[in-house]
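This report concerns only the one structure given below.
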Amino acid sequence: MMNALLVSNALLWLLVVALAGIAAALARQVGVLHERLAPFGALATPSGPRAGEAAPVLHATALSGEPVRIGGPDESGRSTLLFFASPSCPVCRTLLPALRRAAAGERARLVYASDGDPAEHVAFAREHALDPASYVLSRELGLRYEVAKLPYAVLIDAAGVVRAKGLVNTREHVESLFEAERLGVPTIQAHLAMSAADLSPHPEGISS
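Be aware that the sequence shown starts at 60, since it is given in this note's numbering, and climbs by one per residue.
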């Protein structure tokens with residue numbers, strides 16, 4: 060009877076150890092998977108002003124009729140989140156709430172930019188309760204930033220310097236622009252690449 064109890068206890072401990080090993084292996088795999096699927100930031104394009112360069116100073120007229128300056132130092136000390144959109148872009152529509160939350164959370168000025176039929180944009184702004192004083196129609200703006208696809212966003216700091224930019228399709232993409240500014244990198248992809256390089260083993264005899 061005693062021998063049977065000892066054997067059962069030993070088997071139970073072996074099972075516990077095996078389960079612990081399986082749990083550790085699963086945790087490691089989850090970590091690897093999370094790293095591989097880490098949300099990449101907005102897809103930056105090589106065209107237009109680069110991160111770290113001064114944003115072009117452009118003057119446009121808002122839907123409200125008020126003049127709007129984009130670029131250059133901001134008197135209120137705020138960053139500007141410039142969002143290129145179109146009423147016919149379904150992803151642009153779904154991103155509007157996330158854009159407003161991100162801009163409000165970061166205390167940034169949010170400017171919507173597009174071109175085309177003013178009546179169409181007035182209806183679009185009204186439908187989504189967008190501030191007409193922050194909605195500009197300017198073909199030149201899109202040309203200067205060389206925007207080829209939508210939705211596209213550019214983050215300009217209070218000094219008028221482009222800090223991050225790229226195609227934004229999700230809330231995470233929008234938030235990554237501000238994260239790139241905080242990290243002092245042009246893109247989240249660049250940050251991940253630098254982190255991977257720092258973690259990679261160095262050849263023997265060469266100091267990092």
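Backbone N, C-alpha and C define an ideal beta-carbon position, used for all residues, glycine too.
>> I need the straight-line Cα distance from I81 to E231, nearest angstrom please.
In response: For the purposes of this step, residue 81 is taken as the residue at position 22 of the sequence shown. For the purposes of this step, residue 231 is taken as the residue at position 172 of the sequence shown. Using only the alpha carbons, I get a separation of about 32 Å.
>> Buried or exposed, going by whether 16 or more other CB atoms sit within 10 Å of the CB of E125?
In response: Along the sequence shown, one-based indexing puts residue 125 at 66. With fewer than 16 Cβ atoms within 10 Å of its Cβ, E125 is classed as exposed.
> How would you call L71, buried or exposed, if buried means at least 16 neighbouring beta carbons within 10 angstroms?
Replying inline: Mapped onto the sequence shown, residue 71 falls at position 12. By the neighbour-count rule (16 or more Cβ atoms within 10 Å), L71 is not buried but exposed.
>> For L158 and E205, I'd like the C-alpha separation in whole angstroms.
In response: On the sequence shown, residue 158 is found 99 positions in, with the first residue counted as 1. On the sequence shown, residue 205 is found 146 positions in, with the first residue counted as 1. Each residue's alpha carbon lies about 21 Å from the other.
> What's the C-alpha gap between T246 and D190?
Replying inline: As a working note, residue 246 is residue 187 in the sequence shown. As a working note, residue 190 is residue 131 in the sequence shown. For T246 and D190, the distance between alpha carbons rounds to 29 Å.
> In the region 184 to 247, which residue ranges form an unbroken beta strand (DSSP E) of at least 3 residues, counting only runs that do not cross its ends?
Replying inline: 194 to 196, 211 to 215, 221 to 226
> Taking buried to mean at least 16 other C-beta atoms within 10 Å of its own C-beta, is L73 buried or exposed?
Replying inline: On the sequence shown, residue 73 is found 14 positions in, with the first residue counted as 1. The residue is exposed, with fewer than 16 neighbouring Cβ atoms inside 10 Å.
> If you drop the 5 nearest sequence neighbours on each side, which residues of the same chain put their C-beta closer than 6 Å to that of R128?
Replying inline: For the purposes of this step, residue 128 is taken as residue 69 along the sequence shown, with counting starting at 1. Around R128: H118.
> Buried or exposed: S147, going by 16 or more other Cβ atoms within 10 Å of its Cβ?
Replying inline: As a working note, residue 147 is residue 88 in the sequence shown. S147 should be labelled exposed.
> Does the region 161 to 179 come close enough to the region 101 to 108 that 3 or more CB-CB pairs lie under 8 Å?
Replying inline: no
> So what does S173 bridge to, in DSSP terms?
Replying inline: To locate residue 173, count along the sequence shown from 1; it is residue 114. Paired residue(s): L196.
> At what residues does the alpha helix (DSSP H) containing T153 begin and finish?
Replying inline: Here residue 153 refers to the residue found at position 94 when the sequence shown is read from its first residue. It spans 149 to 164 - the alpha helix (DSSP H) in which T153 sits, taken as one unbroken run.
>> If you measure between the beta carbons of L122 and A184, is that distance less than 7 Å?
In response: Counting from one through the sequence shown, the residue named residue 122 turns up at place 63. Counting from one through the sequence shown, the residue named residue 184 turns up at place 125. Result yes, Cβ atoms of L122 and A184 sit closer than 7 Å.
> For V38, does the three-state DSSP call read helix, strand or coil?
Replying inline: There is no way to answer for residue 38, as the model of the chain reaches only from 60 to 267.
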